[in-house]
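Chemist:
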Amino acid sequence: MTEFSSKTRSDNLQKMQDQVLDLLVIGGGITGSGIALDAQTRNIQTGLIEMRDFASGTSSRSTKLVHGGLRYLKQAAIKEVHEVGSERALVYNNAPHVTTPLKMMLPFYEDGTFGPFSTAIGLDVYDRLAQVKHSERKYMLNPHDTLEREPYLKGENLKGSGVYVEYRTDDARLTLEVLKKANENGTLIANYVKATGLLYDANNKICGVIFKNLIDGSTGEIHAKKVINACGPWVDDIRQMDDSDKGKHLHLTKGVHLVIDHEKFPISNSVYFDTPFHDGRMMFAIPREGKTYIGTTDTTWTADPKEPNITATDVTYILAAANEMFDLPQYLTPDDVESGWSGVRPLIQEEGKSPSEISRKDEIFQSDSDLLSIAGGKLTGYRKMAEKIVDRVAQQLSFETDYEFKATITQDLTLSGGDVGGDNGWMDFFDQEVHEGIINYDLEREDAEKLVQRYGSNVIDVYQLLPETKTKARLPRIDWAMLNYGLKFEMVEHPIDYLLRRSSQMLFDINHMKTIKTAVIDYMSKYFDWDDETKQDMTDEVNQKLALTDLSDVKAQYAEYLKR
């Protein structure tokens, strides 16, 4: 396994200053990561900087589906459905450990958006456009069979359902596996490095950035022949630095998801459904790791995109939809919500359209200074977005220098952790490595399964870090191994990087996370030799994020609302 640690980060940042890169990518979400991998594998020497942690923005706050864009059919976005549907199969084959096929139910009701005929036709069109393999194509169920399959669906006025395939993912880890593969191929990558200014040559063409290292406060310059702005919700901020924020702009919309214990929301199927409010919105309810998460909202967001809040209105809206759509053991209230997340989608403004109507297509902008910016798009289409913009960079480099233009190779490039024999070999690999964890590393089956699912072919590196007995760090041996793997091979710099994005514990295992967070902070404090002030800053960061994630403020607001 190629090292990808804090030392790698420091070395990379120095190397980026010691040369003129072919390409510098600003932004370490899924789009920027995909661009870095595509470019580097075409022998374009690439650097990437991210102002916070990788995937800390939109790319860790999606519905966590690598999906084929069924909702685009409502917008007649045929090209988008075909493209993202085709890409979905490539993502699964190249990284089957972070993409899981699941059957999605689409129930339809009297007076709903969909009916039996429109659902059947829509799913047929979807299957063909998305090039869904025959074994995964849709089928239709009558009301009786629908309730047999998912008894917790509301039965009143139910007309039936369609069943089709989607792919659940861990969006933050997908981004990370792309970055780790880029690192293996020689991309120079550093998180917690903020672009504070842009550099220009004598012809007023962009030639690099001024940066601030947010770990130690140092500053410097990185020079590059080409610069791509892939900053998601912050794309327009970089365009403003370039004085090219003209014409089309971003329209940010907020999406909220809530996580509820599976015993309280015990559906066994993923469900895609009309909200009962006749507002044109649809939601997903998806079982995962002993929980069920549900979302999303879609409202315009104009404040700071770093930490979009979750309001009592958001929670009430989502829970009302769940309570109306499902006959659950008990009525859901905010007290049943264990955690949640909120993120913003960087859409491209379209006049006269509501947030839900705005297209999710991506666009590339090139300014007079030759700054390239890419915005819009979906998680599923990240590879194709990267291919399109790197094609442009490669063409420009071949015209301006002696670079020889090469086509992308990422359609068949296995991501880090994906060396399992593709989607066809995944289950055999999974069973083999779970057995390995049980027999040779004394793991419970459930723990072994979670590790193999999370790390794929890299799980052996995690296994080898497992201590034989309890650790002095007061960390459970599995957390000790996962944290040390993160420090050595996943560029963990802050405790929140591990607790939220590397392990997902703050979302899907929040009670366990609360028991280990102090031990994680203590361990990392000794590992990095933090002073008291830095350790307190890291503790505050975790606690502030925890308050947002476990909705303490929202629950208090809701309790006050009930008293009125």
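Residues 1 to 564 (UniProt numbering) make up the sequence shown, in order. Glycine is no exception: its CB is placed at the ideal position from the N, C-alpha and C atoms.
Just how far apart, CA to CA, sit arginine 173 and isoleucine 206?
Modeler: 32 Å
Chemist: Could you spell out where the beta strand (DSSP E) holding methionine 140 opens and where it closes?
Modeler: 139-141
Chemist: By alpha-carbon positions, which one of Leu546, Phe430 and Glu363 ends up nearest to alanine 230?
Modeler: Glu363
Chemist: Confirm, please, whether the CB-CB distance from leucine 123 to glutamate 166 is below 8 Å.
Modeler: It is not a contact, given that the beta carbons lie outside the stated cut-off.
Chemist: Using the rule of at least 16 other Cβ atoms within 10 Å of the residue's Cβ for burial, across every protein chain shown, is valine 84 buried or exposed?
Modeler: Burial call: buried.
Chemist: Identify which residue in Thr169, Thr471, Val337 and Tyr192 has its Cα closest to the Cα of valine 256.
Modeler: Val337
Chemist: Can you give me the start and stop residues for the alpha helix (DSSP H) that histidine 435 sits inside?
Modeler: For histidine 435, the uninterrupted alpha helix (DSSP H) run begins and ends at 422-441, by DSSP.
Chemist: On the three-state DSSP scale, how would you describe leucine 415?
Modeler: Residue state, collapsed to three classes: coil.
Chemist: Mark alanine 303 as exposed unless 16 or more other C-beta atoms lie within 10 angstroms of its C-beta, in which case mark it buried.
Modeler: exposed
Chemist: Within 10 angstroms of the Cβ of arginine 454, are there 16 or more other Cβ atoms? Answer buried if so, exposed if not.
Modeler: buried
Chemist: Determine the burial state of valine 259: buried for a count of at least 16 other Cβ atoms within 10 Å of its Cβ, exposed for fewer.
Modeler: buried
Chemist: Return the chain-ordered list of same chain residues with a C-beta closer than 8 Å to the C-beta of asparagine 93, the five sequence neighbours on each side being excluded.
Modeler: Gly422 and Asp423
Chemist: Taking its Cβ as the centre, do 16 or more other Cβ atoms sit within 10 Å of glutamate 156, making it buried, or is it exposed?
Modeler: exposed
Chemist: Does the beta-carbon of valine 235 have 16 or more other beta-carbons within 10 angstroms, so that it is buried, or is it exposed?
Modeler: buried
Chemist: Over the uninterrupted beta strand (DSSP E) stretch that includes valine 344, give me the two end residues.
Modeler: 337-348
Chemist: By alpha-carbon positions, which one of Leu147, Leu106, Arg88 and Leu188 ends up nearest to glycine 28?
Modeler: Leu188
Chemist: Using the C-alpha atoms, what's the distance from glutamate 263 back to threonine 328?
Modeler: The question names threonine, yet the displayed sequence has leucine at residue 328. Approximately 10 Å between the Cα atoms of the pair.
Chemist: Could you say which of Leu252, Ser33 and Lys361 lies nearest to histidine 82 if we only look at CA atoms?
Modeler: Lys361
Chemist: Would you mind reading off the limits of the beta strand (DSSP E) that contains asparagine 213?
Modeler: 206-213 is the span of the beta strand (DSSP E), which, as asked, contains asparagine 213.
Chemist: Could you tell me which residues DSSP puts in a beta bridge with alanine 285?
Modeler: Val271 and Ile294
Chemist: Drop a sphere of 10 angstroms on the beta-carbon of lysine 526, count the other beta-carbons inside from all chains shown, and report buried for 16 or more, exposed for fewer.
Modeler: exposed
Chemist: By a C-beta neighbour count over all protein chains shown, 10 Å radius and 16 as the cutoff for buried, is isoleucine 478 buried or exposed?
Modeler: Buried: at least 16 other Cβ atoms inside 10 Å.
Chemist: Should the stretch 15-29 be called in touch with the stretch 217-226, which here means at least 3 C-beta pairs below 8 Å?
Modeler: The answer is yes - the stretch 217-226 touches the stretch 15-29, with three or more Cβ pairs under 8 Å.
Chemist: Among residues of its own chain, excluding the 5 on either side of threonine 58, which ones have a beta-carbon nearer than 7 Å to its beta-carbon?
Modeler: The residues are Gly29, Gly232, Pro233, Gly343, Val344, Arg345 and Pro346.
Chemist: Which residue wins for smallest C-alpha separation from threonine 299, given the options Asp38, Asn191, Ile318 and Leu500?
Modeler: Ile318
Chemist: Determine the burial state of glutamine 505: buried for a count of at least 16 other Cβ atoms within 10 Å of its Cβ, exposed for fewer.
Modeler: buried
Chemist: With DSSP run on the structure shown, which of helix, strand or coil describes threonine 299?
Modeler: strand
Chemist: Can you name the residues that DSSP bridges to threonine 366?
Modeler: Note that residue 366 corresponds to glutamine in the displayed sequence, not to threonine. The partner list for glutamine 366 (beta bridge, DSSP) reads Leu372.
Chemist: Under 6 Å Cβ to Cβ from asparagine 458, same chain only, skipping five residues before and after it: list those, please.
Modeler: Gly417
Chemist: Determine, using beta-carbon pairs with one atom in the stretch 274-291 and one in the stretch 101-119, whether at least three such pairs fall under 8 Å.
Modeler: yes
Chemist: At what residue ranges does the stretch 179-249 contain a whole run of the beta strand (DSSP E), taking only runs of 3 or more?
Modeler: Whole beta strand (DSSP E) segments, 3+ residues: 188-190, 193-200, 206-213 and 219-229.
Chemist: Would you check if there are 3 or more beta carbon pairs closer than 8 Å linking the stretch 147-162 to the stretch 47-61?
Modeler: no
Chemist: What did DSSP end up calling glycine 115 once you bin it into helix, strand or coil?
Modeler: Residue state, collapsed to three classes: coil.
Chemist: Under 8 Å between the Cβ atoms of valine 132 and threonine 99?
Modeler: no
Chemist: Considering only their Cβ atoms, is the gap separating threonine 333 from tryptophan 301 smaller than 8 Å?
Modeler: No.
Chemist: Is there contact here, the stretch 2-16 with the stretch 482-501, by at least three beta-carbon pairs under 8 Å?
Modeler: yes
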